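The numbering of the sequence shown is UniProt numbering, which starts it at 1 and goes up by one.
Everything below concerns the one structure shown next.
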Amino acid sequence: MIKQALLGEFLYEAENTRKILKAIPDSALGWKPSEINWTTGQLASHIAEVYNWYDSTFNLDVFDMGTYQYDKGDISKAGNIVAKFEENVARAQKALENSDESTYFNDWKMEMNGNVIFPPAQKIQVIRGFLYNHLYHHRGELVVYLRSTGNKVPGLYGPTADDKT
């Protein structure tokens, strides 16, 4: 039952993520709101990367970021980021579909070189917080980036102001 609810939300929100990533023009990829922020391309790439964490979250009890390696690929073109998203979302969906619901209440933690950076929590909390809500947070940032660069924002939960013009 829990898996079906997670999968329904996953599929709906993956489509929303796809919409917003496809709305990024190449001309906006280098923009960032301040020196301490990521560029649009880096933020979009991170959004695509979150889907790469599903397998480790669903299938491991300890996610070691010290050994984690991710190939962002070429993020100089928005289409490349969308392609990486498509690869990652397909693997994430498979990890979710093949997950064992009986493990959702097992403890999970993230470490880096033996140091705990995400304390033990039930996997279901990690799935909701670290995978789902974390992604929604960054998508919200991306909406601001798109608006700040004068680009249209697709409706994710209904029409936007752009749909009225």
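Glycine included, each C-beta is placed from N, C-alpha and C at the ideal position.
This one's a predicted model, so the numbers in the text were calculated from it and none came from an experiment.
Just the C-alpha distance for Glu-111 and Lys-72, rounded to the nearest angstrom, thanks. Each residue's alpha carbon lies about 21 Å from the other.
Just how far apart, CA to CA, sit Trp-31 and Glu-97? Approximately 37 Å, taken between the alpha carbons.
Just how far apart, CA to CA, sit Trp-53 and Ala-92? Going from the Cα of Trp-53 to the Cα of Ala-92 covers about 8 Å.
Do the CB positions of Glu-13 and Tyr-136 come within less than 9 Å of each other? Annotated as proximal: Glu-13 and Tyr-136, with beta-carbon spacing under 9 Å.
Tyr-51: buried (16+ other C-beta within 10 angstroms of its C-beta) or exposed? By the beta-carbon neighbour count (other beta carbons within 10 angstroms, threshold 16), Tyr-51 is buried.
Consider the Cβ of Asp-100: report whether some Cβ of chain D lies at a distance smaller than 9 Å. Given the protein chain composition of this structure (a single chain), no chain D is represented.
Can you look up Ile-47 in the DSSP assignment and give me helix, strand or coil? Assigned with DSSP and collapsed to three states, Ile-47 falls in helix.
Would you give the residue range spanned by the alpha helix (DSSP H) that Phe-10 belongs to? Note, Phe-10: alpha helix (DSSP H), 2-22.
Does Asn-88 come out as helix, strand or coil in the three-state DSSP assignment? It is helical.
Span of the alpha helix (DSSP H), counted from its first residue to its last, around Asn-59: Segment 54-59, the alpha helix (DSSP H) holding Asn-59.
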